[in-house]
Every structure is written in structure tokens, then in C-alpha cells.
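J.: When the letters of the sequence shown are read in order and numbered with my numbering, they come out as residues 30 to 146. Glycine is no exception: its CB is placed at the ideal position from the N, C-alpha and C atoms. Given the structure is predicted, the values throughout are model-derived calculations rather than measurements.
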Amino acid sequence: MSWPAVSSYFKYQGEEKCHQVIWKFVKNIDTTEMTDLSRKVTLPECFLYFIHHYMNILNEAILETNSVTSVDLHNVMQGLKDKIENRLNYSFYGAKVTRSISSLQESELVMFKKEAN
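1) According to DSSP, is Val55 part of a helix, a strand, or is it coil?
2) Taking buried to mean at least 16 other C-beta atoms within 10 Å of its own C-beta, is Glu135 buried or exposed?
3) In its own chain, which residues sit with a C-beta less than 7 Å from the C-beta of Phe54, not counting the 5 before and 5 after it?
4) What's the call for Tyr38, buried or exposed, on a 16-neighbour Cβ count within 10 Å?
5) Measuring alpha carbon to alpha carbon, tell me which of Asp101, Tyr41, Tyr83 ends up nearest Val126.
6) Which of helix, strand or coil does DSSP assign to Asn146?
7) Less than 8 Å between the beta carbons of Lys112 and Ile86, yes or no?
Rendered as C-alpha cells:
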């Protein structure tokens with residue numbers, strides 16, 4: 030996922046063509062700083078990485094269902110549920126999120142963990 034490209038796209042669309050929630054999310058982001066690898070990651074970016082990670086898990090489960098019968102579907106869905114619950118119980122949100130949340134302020138970290146769980 031190229032965050033600068035995504036952010037730039039929505040900024041290019043402008044406030045009138047962008048959904049209010051998306052605009053609120055991207056309006057104050059300076060994409061020129063995004064190439065600096067030492068910069069701190071923002072809370073909204075952490076949420077995007079979190080969603081990306083869990084959508085990847087869901088996508089893997091969906092791809093797995095292409096070769097299963099309806100009888101096996103319960104086991105696939107139970108496996109997906111167990112995998113997600115296990116990751117949430119151990120506060121594992123994906124490698125990129127784990128790296129990124131270390132740069133959050135304490136109040137942002139508390140908010141992220143509250144929303145993520």
C-alpha cells in the first residue's frame with residue numbers, strides 16, 4: 030500500500046468530491062514528508078495498516094473457501110475466528126502496525142488499542 034499515493038489521490042479529488050470521513054482523514058496530511066523514513070507514523074496511518082492486515086487475513090480465508098465444500102465451511106470460518114481472536118488477545122496487529130505504534134503518543138496508543146480490540 031502506497032500511503033502517499035492514496036492520500037494524494039483523495040486530496041486531488043478535493044473536499045467536494047470526497048466522502049466527508051475520508052476528507053477529514055487526509056486533509057491535514059503532508060505527503061511531502063512521507064518519503065522520510067524516520068518520520069513518525071500518524072494514528073490514522075496505524076488504523077489503515079491495522080485494517081489492511083486484517084483484510085489480508087479475511088482474504089486468505091475467502092481464497093481458501095474456493096476449494097472447500099459446504100461441509101468444510103464451518104471449519105474454515107471457525108479457523109478464521111480463532112486466528113483473529115488469538116491475534117487480538119495477544120495484541121498482534123501485524124508487523125507494520127507493531128513497528129508504527131511505537132511512534133505514537135501515549136494517548137494515541139491507548140486510543141488505538143481501545144479501538145482495535
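T.: If we stick to the structure as given:
1) helix
2) exposed
3) Pro73
4) exposed
5) Tyr83
6) coil
7) yes
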